[in-house]
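Step one of this worksheet: look at the structure below.
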Amino acid sequence: MEQTPANEIEKKPIDPAVEAEAKAQAEAIEKKLKKSLDKSSSYNRNMLTIFLGILVYVFVTAATTTDMMLLIGSSMIKLPIIGYEVPLLYFCKYTPVIILIIHLNLLINLSLHAENYILWLKIGNNKPSYLVPFVFNYSYKYEQSKLFDRVIKYFVVGLYYILPIYILVWTAYKFLPYHDRGISIYQNSIATIDGMMSFLFYLQIAKLNNNIRLKQLYISFTVALIMTLLSWLIFCSVFVFSNSREDWLGLFHRNISLPRKTIVSKEISDVMIIHYLHDNKTKNDALREQVEMLDLRGRDLSYSNFLVSTFINANLNNANLQGANLHDVNLPEANLQYAKLQGANLSGASLQGANLISANLQGVSLFGANLQGVSLFGAKLQRVNLSGASLQGVDLSWARINCSTIDDTTNLNGIYYDNIDNLFKWNEISKIDNETAERCEKSDAVLREQLEKNKDTKLFLDINKKLACDNAAMAKSISRRDFILTYDNGTKVSFIKEITRHIKENCPKFLKSVEGRDVRTPLQKRLDTIRIDLSVD
């Protein structure tokens, strides 16, 4: 069978009907694709608008977050426009993952749109202006000039790939002074995931056009990398290189700073304050009696700045205040039990009525501080500057006070301790160099002499009786120390019973601060439990 030559096949005319049908099918496909792209452009444009609104909303909310709100963990943050209040911690925890989920959905839809859009551009002489207006469409093919083409390309890259990372890093940065390692790691991890996700989607969409410009690729990757590295660098400035109360490099605000503030869990109404002023009381009296406890238990407040501030009803049990600036701070009745205060500046501080049982005050400056009637039971006071400090009626039982500095202005009248030798025991004597040990030995000799000279159980009790009648806060604080036993004609007398009897007779208005409270220490409660168990047996 003879075959038809190839040149004759090429010359064979195409059936007009077939050509018309093929053209009609192509036009139908193109029309259908355009309709799909119009719908996709409209949807993606609206999604982008909503997403940008969310990012701006988060940015403004984070920007209005103050150090006071970060200090009070139970603070409610008022969302702009809608006025709805949500817990600050919830906002910091859930906002990053919400942004990540919405951003992922946005990039997935953009990738699908880009695939159809590029196909539509190739099948005909189509232009972005033929479709529903959408900024992404113009980033592939702009009809005016190369300058506008570049501007729109970088604008789209900024909106879709850079801005979300920036907002995530900004949120993590604003939350940084809260000093929560777990939440900060979580926020930075979300920012890192979002950065890598943005770069991978950018790469995928760029491949669809077979026109990956290395310059744009390098720029987008570099920006994403810088943003994520910056986020982790800020994180490390607190949790790795945190060795100064100053903001790191003078750039990152990493520690809470609330100088000259009155710090309470919640403000009270002006009417209530006026009512107290009318009764010849002070605003602080109103706050102490009407405001709930400020719960800062276990918080990391290291290197914070509370210069000349006043804490009302603060519970700082086991809080970390290392290196904090507490100069001239007022901490009436504060619970600082087991608090970590190494290297803090407490010079001029007023700690009357504070509970410093088992607190760590190593290396602290207490120059000119007022610690009258404070319990330092089991506290660590090594290398403390006590010059000018008032320690009248202080309980130093089982404390450690090695190598501390005193002078003629230090007031140690009526102190109490169990055994003088216990105060000068070094737990880590092997770590002290010879020069330091020699210097400490001399200062300890002077301090030992003054402590032995000023220990007076009767004066200790008299001072605390007087302090208990100064105000309700002192009565409440002093009544905590039930473990101290005084001697009356050779008979052991419970300290709390003696103080309570004195309050009944001399200042009954403060009696309610003492009565009805379980004033036993945790150690006592455990011992009492043991006694009960033994008695049952």
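Per our numbering, the sequence shown starts with residue -3, numbered consecutively.
Glycine included, every Cβ here is placed at the ideal spot set by N, Cα and C.
Values in this document were obtained by computation on a predicted structure and should not be read as measured data.
Shortest Cα-Cα distance from L115 to any of M268, Y136, I95 and H99 involves Y136. When the five nearest sequence neighbours on each side are left out, the beta carbons in the same chain lying within less than 6 Å of the beta carbon of D34 are those of L127 and V128, in order along the chain. Collapsing the DSSP output to three states places I264 in coil. When secondary structure is reduced to three states using DSSP, R497 falls in the helix class. Note on geometry: alpha-carbon atoms of S261 and D291 lie some 8 Å from one another. In the three-state reduction of the DSSP assignment, F195 falls in the helix class, which pools H, G and I.
Cβ neighbours of V93 within its own chain (closer than 8 Å, five residues either side excluded): I186.
The continuous alpha helix (DSSP H) containing M64 extends over residues D63 to L67. When secondary structure is reduced to three states using DSSP, E329 falls in the coil class, being assigned neither helix nor strand. Using a Cβ-Cβ distance cut-off of 8 Å, the region 189 to 198 and the region 155 to 168 are in contact, since at least three pairs of beta carbons, one from each stretch, lie closer than that value.
Taking G384 as reference, the option from I402, K376 and A355 with the minimal CA-CA separation is I402. Counting along the chain, P160 sits inside no beta strand (DSSP E); it lies in the alpha helix (DSSP H) bounded by residues L159 to F171. Under DSSP, L290 takes part in a beta bridge, and its partners are A310. Taking 9 Å as the cut-off, the Cβ atoms of L303 and L317 do not count as close. With 16 or more other CB atoms across the displayed protein chains lying within 10 angstroms of its CB, H109 is buried. Beta-bridge annotation (DSSP): R396 is paired with K376. Three or more beta-carbon pairs separated by less than 8 Å link the region 444 to 463 to the region 380 to 400, which places the two stretches in contact. Spanning the alpha carbons of G349 and A330 requires a straight line of approximately 7 Å. Residue state for T45 is assigned as helix, using DSSP reduced to three classes. Under the Cβ criterion (8 Å, minimum of three pairs), the region 49 to 61 counts as touching the region 160 to 174. As DSSP reads the structure, N301 sits in a beta bridge with S253 and N321.
Taken in chain order, the complete alpha helix (DSSP H) segments of 4 residues or longer contained in the region 96 to 136 are 131 to 134. Secondary structure of D417 (DSSP, three-state): helix. The DSSP-derived three-state label of V56 is helix. Ranked by Cα distance from Q338, the options V360, F151 and D266 are led by V360. Going by DSSP, I459 is part of the alpha helix (DSSP H) stretching over T453 to A464. In this structure S346 is not in contact with A375, their Cβ atoms being roughly 17 Å apart against a cut-off of 8 Å. The C-beta distance from I492 to A471 rounds to 11 Å, too long to meet the 8 Å contact threshold. N184 and A168 have their C-alpha atoms spaced approximately 7 Å apart.
Look at F248 here: in three-state DSSP terms it is strand. Shown here for S38: same chain residues with a beta carbon closer than 7 Å to its own, the five before and five after excluded, namely V128 in chain order.
Taken through DSSP and simplified to helix, strand or coil, T405 comes out as coil. Around the beta-carbon of T61, 16 or more other beta-carbon atoms lie within 10 Å, marking it buried.
Taking each of H175, L342, I201 and N366 in turn and checking the Cα distance to V152, the smallest one comes out for I201.
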